Amino acid sequence: MSTHAAELGSNYLTNGFSLKSWLLTKDHKRIAILYMISITFFFILGGLFAFAVRLELLTPAGDLMEADTYNRMFTMHGVVMIFFFLIPSIPAVLGNFLVPLMVGAKDLAFPKINLASWYVYNLAGIITLGAIFMGGVDTGWTFYTPFSTTYSNSYVVLTVVGLFINGFSSIFTGLNFIVTIHRMRAPGLTWFRLPLFIWGHYATSLIIMLGTPVIAITLALLAAERSLHLGIFDPALGGDPILFQHLFWFYSHPAVYIMILPSMGVISEIISAFARQKVFGYHFVAFASIAIAILGFLVWGHHLFVSGQSVYAGLVFSVLSMLVGVPSAVKVFNWTATMFKGSISRETPMLYALGFIGLFTIGGLTGVMLATLGFDVHVHDTYFVVAHFHYIMVGGAIMGYLGGIHFWWPKMTGRLYPEFWSKLSAGLVFIGFNLTFFPQFVLGYLGMPRRYWSYPDEFQVLNVLSTAGATVLGVGYVMPLFYLTYSLAFGRAAGDNPWGAYGLEWETTSPPPTENFHHQPVVTGEAYDYPSLEAKSV
Amino acid sequence: MSDSASMLAHHFDDLDQQREASSLGMWLFLVTEIMFFGVLFCAYLIYRGANFAAFAEASHSLDIGLGAFNTAVLIGSSLTMALAVWSAQVGRRKATVWFLVLTIILGSVFLGVKVIEYSAKFEHHHVPGATFDWHAPYGDPVNQDGAEMFFNLYFAMTGLHAIHMVIGIAILAVLIIPAWQGKFTPEWHNPMECLGLYWHFVDIVWIFLFPLLYLIGRH
Ligand code: HEM
Ligand SMILES: [Cu+2]
Chain A
5 MSTHAAELGS NYLTNGFSLK SWLLTKDHKR IAILYMISIT FFFILGGLFA
55 FAVRLELLTP AGDLMEADTY NRMFTMHGVV MIFFFLIPSI PAVLGNFLVP
105 LMVGAKDLAF PKINLASWYV YNLAGIITLG AIFMGGVDTG WTFYTPFSTT
155 YSNSYVVLTV VGLFINGFSS IFTGLNFIVT IHRMRAPGLT WFRLPLFIWG
205 HYATSLIIML GTPVIAITLA LLAAERSLHL GIFDPALGGD PILFQHLFWF
255 YSHPAVYIMI LPSMGVISEI ISAFARQKVF GYHFVAFASI AIAILGFLVW
305 GHHLFVSGQS VYAGLVFSVL SMLVGVPSAV KVFNWTATMF KGSISRETPM
355 LYALGFIGLF TIGGLTGVML ATLGFDVHVH DTYFVVAHFH YIMVGGAIMG
405 YLGGIHFWWP KMTGRLYPEF WSKLSAGLVF IGFNLTFFPQ FVLGYLGMPR
455 RYWSYPDEFQ VLNVLSTAGA TVLGVGYVMP LFYLTYSLAF GRAAGDNPWG
505 AYGLEWETTS PPPTENFHHQ PVVTGEAYDY PSLEAKSV
Chain B
10 MSDSASMLAH HFDDLDQQRE ASSLGMWLFL VTEIMFFGVL FCAYLIYRGA
60 NFAAFAEASH SLDIGLGAFN TAVLIGSSLT MALAVWSAQV GRRKATVWFL
110 VLTIILGSVF LGVKVIEYSA KFEHHHVPGA TFDWHAPYGD PVNQDGAEMF
160 FNLYFAMTGL HAIHMVIGIA ILAVLIIPAW QGKFTPEWHN PMECLGLYWH
210 FVDIVWIFLF PLLYLIGRH
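First to last, the sequence lines map onto chains A and B. Here the first sequence stands for residues 5 to 542, numbered as in this note's numbering. Here the second sequence stands for residues 10 to 228, numbered as in this note's numbering.
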């Protein structure tokens with residue numbers, strides 16, 4: 005099975021070169037590449053909006069743009085980043101590429117639906133882009149009513165229609181994963197031999213199936229209310245804006261786990277590979293994913309602490325929110341224990357994984373602080389919250405995404421990337437990230453509210469630090485674009501398994517053939533059996 | 010057998026695996042549908058609690074006769090749908106086609122009745138919006154906003170349900186072609202099974218909508 009692609013001829017990349025062979029492909033690996041291109045585009049777009057926001061905040065006065073323009077900038081930053089980058093990133097790119105490979109299947113269960121999901125994603129993206137180019141939205145990515153339904157003078161309906169459609173692309177992907185994981189595993193691949201990457205995607209898909217329809221109908225009601233003047237969320241007509249917040253967060257809190265669970269899966273793969281160890285407490289890590297998925301649906305009310313919900317509801321949501329911290333902490337402890345037992349090599353993916361653990365821990369601990377009712381009332385809607393969710397979403401999800409891209413790049417392309425540059429960019433990302441977001445904790449604690457375009461002079465130093473950090477971070481993010489593209493043409497050939505990693509995806513050629521495996525794989529060992537792999541290679 | 014072998018997609022090992030995959034996929038899709046309708050049911054229950062009298066009054070204005078008739082029609086269509094699936098499973102080509110046609114007819118009758126009901130709402134100014142006009146017909150000087158909220162939800166829920174019916178009928182119509190060509194055999198009939206699940210789901214939603222909108226709160 006270790007024969008090289010060159011000897012066998014065709015792989016998924018060389019199987020047809022026409023545009024049509026890509027745009028009509030039903031191969032999950034090609035669809036993953038298509039997704040990667042679209043998602044990179046939206047990441048850059050969202051990044052530009054972020055940069056506009058940070059530039060405005062360089063000085064205390066609102067001097068770079070109008071207040072209204074500023075509102076549009078941070079809203080479009082949030083909308084693009086969350087719905088078009090963070091939510092699809094790991095599932096649609098790495099998940100699409102790897103789920104069938106890791107379970108030993110020839111493809112996902114529904115290849116046509118998979119292709120459709122990419123088209124739906126792009127259609128949604130074009131509609132949302134349309135809204136942006138016509139002037140954008142100013143409601144914040146949370147679309148709170150009645151501002152969004154009545155007062156906002158921006159393209160709310162068009163944006164929301166885009167997001168409604170986008171929901172279907174998530175649902176298609178989640179449905180495909182669940183069915184594939186249930187029905188198409190290779191012989192011998194029992195549930196508890198599955199890589200933790202698969203467990204992470206399974207849990208994420210469950211959230212997608214249960215949550216996405218809720219946000220879809222909520223946004224549809226919002227659009228209907230704004231265009232037909234219904235009163236479902238309008239207090240003047242007997243409706244209730246708090247209902248909107250409940251429905252919105254019933255999806256949007258679990259959505260943060262849609263972003264983070266796949267990333268945790270990536271981290272488990274990378275850490276075991278570079279510590280050359282079985283993941284410590286495999287079962288705990290697997291069940292923790294499911295526990296997070298379930299508990300994640302019970303805590304949405306911590307976004308409504310100051311909305312006027314009853315004190316009792318606040319207390320219950322406070323306690324439940326703290327509970328979510330438990331399975332997350334279980335994972336962190338298990339990764340640490342895995343590394344503790346192993347001999348660590350510091351390859352680029354491992355640098356990202358280590359960065360993930362540090363940043364996710366800070367994000368999680370500040371989450372527990374926010375879950376404490378009294379503290380949240382103090383820092384609600386300040387930069388403290390902004391820093392918290394960026395530590396989780398950017399520090400967690402994006403570190404996982406970049407780590408995963410580097411880890412599987414040799415598998416996807418058959419090429420190795422230049423080591424010096426990749427390590428440099430990982431370092432810049434880590435430093436830039438902390439420089440950007442750590443000052444925001446302080447700012448928030450001192451009382452700087454979020455979503456304001458100007459601020460008192462005494463906050464300037466910290467804001468300048470943050471903007472400087474964002475610049476470093478931006479450089480770190482852009483670099484892979486260049487050296488990874490460079491590696492496509494000039495990178496060294498990777499071989500089938502450059503890291504000596506364990507897992508079905510490493511047993512096929514790099515890049516894999518269209519049918520994924522030359523022979524139907526049969527699984528005989530536990531996941532991450534690095535000790536026996538080591539023994540064999542001695 | 011050669012015909013059904015050609016129905017095997019390249020990435021599955023055998024027809025069994027393929028059938029299990031498509032039915033699991035369909036069940037999962039229905040879970041998302043439950044969550045989709047669930048939001049509206051949830052909103053209905055909350056607002057009903059908040060505007061109890063107004064909701065009771067407003068539900069009186071719905072035509073219970075037409076609602077009951079439609080319930081019967083829909084249950085009938087579930088039966089013909091089940092028979093269509095069964096005929097496909099045992100490979101009775103003509104019966105499959107006929108039961109599909111019957112199901113389409115019953116579904117269309119349902120939608121026709123819905124049109125009659127909706128137009129009555131327009132006539133009486135019971136459609137939410139600028140022209141909405143509510144005189145509590147049964148006594149209580151109930152609040153206009155509460156009644157309007159009832160009709161908001163009435164149109165949202167029955168409208169969403171009707172859209173599902175339209176989609177269902179369209180798929181039924183498309184499936185008549187392979188059914189006529191005898192594509193469904195005892196070995197391979199996945200599309201019919203999935204469509205059957207969908208149709209029954211849409212019927213069940215109505216079974217909840219009818220009492221919630223038409224019946225409860227009647228004296
Ligand atoms: C694991 C991944 C997590 C992600 C991706 C995440 C993400 C977010 C996001 C996006 C917000 C901001 C919402 C807004 O726009 O207002 C937020 C706020 C919040 N998060 Fe997290 N979070 C995570 C974990 C946690 C945990 C574990 C807890 C509790 C233990 C928590 C507690 C909170 C609270 C209480 C708020 C509300 C703060 C406020 O609005 O005043 N989060 N989080
Ligand atoms: Cu939350």
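Idealized CB from N, CA, C, for every residue including glycine. This structure is a prediction, so every number in the text was calculated from the model and none was measured.
Asked                                                                                                                                                                                                                       : Found
Can you list the alpha helix (DSSP H) stretches of 4 or more residues lying completely in the stretch 260-290 of chain A, in chain order?                                                                                   : none
Nearest-angstrom Cα distance between tyrosine 405 (chain A) and lysine 110 (chain A)?                                                                                                                                       : 24 Å
Taking the beta carbon of glycine 155 (chain B) as the centre, do at least 16 other beta carbons fall within 10 Å, making it buried, or is it exposed?                                                                      : buried
For arginine 2 (chain A) and leucine 127 (chain A), what's the separation of their Cα atoms in angstroms?                                                                                                                   : In the structure as shown, chain A starts at 5 and stops at 542, and residue 2 (chain A) therefore has no counterpart that could be examined.
Less than 9 Å between CB atoms is the rule here; does proline 195 (chain B) satisfy it with respect to chain A?                                                                                                             : no
Check whether the Cβ of proline 137 (chain B) lies closer than 9 Å to any Cβ atom in chain A.                                                                                                                               : yes
Who's in the neighbourhood of ligand 2, going by beta-carbon under 7 Å from any heavy atom, listed in chain order?                                                                                                          : A:Trp253, A:His257, A:Val260, A:Val303, A:Trp304, A:His306 and A:His307
Verify the CB distance criterion: does phenylalanine 45 (chain B) have a CB-CB separation below 9 Å to chain A?                                                                                                             : yes
State buried or exposed for tryptophan 510 (chain A), treating a residue as buried only when at least 16 other CB atoms are found within 10 Å of its CB.                                                                    : buried
Using 8 Å as the cut-off, can you tell me whether the stretch 54-63 of chain A makes contact with the stretch 74-85 of chain A, which would need three or more C-beta pairs spanning the two stretches below that distance? : yes
Closest by CA to phenylalanine 379 (chain A), which one among A:His394, A:Leu226, A:Gln464 and A:Ser322?                                                                                                                    : A:Ser322
Looking at the structure shown, is phenylalanine 497 (chain A) part of a helix, part of a strand, or coil, going by DSSP?                                                                                                   : Rather than phenylalanine, the amino acid found at residue 497 (chain A) in this sequence is alanine. Looking at alanine 497 (chain A) - three-state DSSP - the assignment turns out to be strand.
If contact means a Cβ-Cβ distance below 9 Å, which residues of the stretch 88-108 of chain A contact chain B?                                                                                                               : Pro104
Give the range of the alpha helix (DSSP H) segment to which phenylalanine 441 (chain A) is assigned.                                                                                                                        : 423-450
Quick check on tryptophan 189 (chain B): buried or exposed, where buried means 16 or more other Cβ atoms within 10 Å of its Cβ?                                                                                             : exposed
Kindly indicate which residue of A:Gly171, A:Gln444, A:Phe278 and A:Leu369 has the alpha-carbon position closest to the one of leucine 327 (chain A).                                                                       : A:Leu369
Evaluate asparagine 157 (chain A) with the Cβ neighbour count: other Cβ atoms within 10 Å of its Cβ, from every protein chain shown; 16 or more gives buried, anything less gives exposed.                                  : exposed
Whose CA, out of A:Thr386, A:Ser325 and A:Arg350, lies closest to the CA of phenylalanine 424 (chain A)?                                                                                                                    : A:Arg350
Could you tell me if arginine 227 (chain B) is buried or exposed, where buried requires 16 or more neighbouring beta carbons within 10 angstroms of its beta carbon?                                                        : exposed
Per the DSSP calculation, threonine 386 (chain A) is bridged to which residue(s)?                                                                                                                                           : A:Pro453
Within 9 Å (strictly less), CB to CB, does phenylalanine 210 (chain B) reach chain A?                                                                                                                                       : no
Spell out whether any CB of chain E is found under 9 Å from the CB atom of phenylalanine 38 (chain B).                                                                                                                      : In the structure shown, chain E does not exist; the protein chains are A and B.
Among residues of its own chain, excluding the 5 on either side of leucine 75 (chain B), which ones have a beta-carbon nearer than 8 Å to its beta-carbon?                                                                  : Val122, Ile125 and Glu126
If I'm right that alanine 474 (chain A) touches alanine 113 (chain A) with Cβ under 8 Å, what's the distance once you round it to whole angstroms?                                                                          : Rounded, the Cβ-Cβ distance is 41 Å, inconsistent with contact.
Using 9 Å as the threshold, is the C-beta distance between glycine 82 (chain A) and valine 270 (chain A) below it?                                                                                                          : no
Between the Cα of serine 93 (chain A) and the Cα atoms of A:Gly359, A:Met40, A:Thr184 and A:Asp31, which residue gives the shortest distance?                                                                               : A:Met40
What's the call for tryptophan 412 (chain A), buried or exposed, on a 16-neighbour Cβ count within 10 Å?                                                                                                                    : buried
Listed from N- to C-terminal order along the chain, which residues in the stretch 177-208 of chain A have their beta-carbon within a distance smaller than 9 Å of any beta-carbon of chain B?                               : Gly178, Leu179, Asn180, Ile182, Val183, Thr184, His186, Arg187 and Met188
Using a Cβ distance threshold of 8 Å, determine whether the stretch 340-356 of chain A contacts the stretch 266-285 of chain A, with at least three qualifying pairs required.                                              : yes
Of the choices A:Ala120, A:Leu38 and A:Asp142, whose alpha-carbon is the least far from that of glutamate 70 (chain A)?                                                                                                     : A:Asp142
Can you name the start and end residues of the alpha helix (DSSP H) that isoleucine 178 (chain B) belongs to?                                                                                                               : 153-189
At a Cβ threshold of 9 Å, is methionine 326 (chain A) touching chain B?                                                                                                                                                     : no
Starting from the beta carbon of isoleucine 271 (chain A), find every residue of chain B whose beta carbon is closer than 9 Å, and list them in chain order.                                                                : Within 9 Å Cβ-Cβ: nothing; isoleucine 271 (chain A) doesn't reach chain B, min ~27 Å.
Using the beta-carbon of each residue, which ones in chain B are nearer than 7 Å to isoleucine 294 (chain A)?                                                                                                               : Within 7 Å Cβ-Cβ: nothing; isoleucine 294 (chain A) doesn't reach chain B, min ~16 Å.
Which of helix, strand or coil does DSSP assign to arginine 28 (chain B)?                                                                                                                                                   : helix
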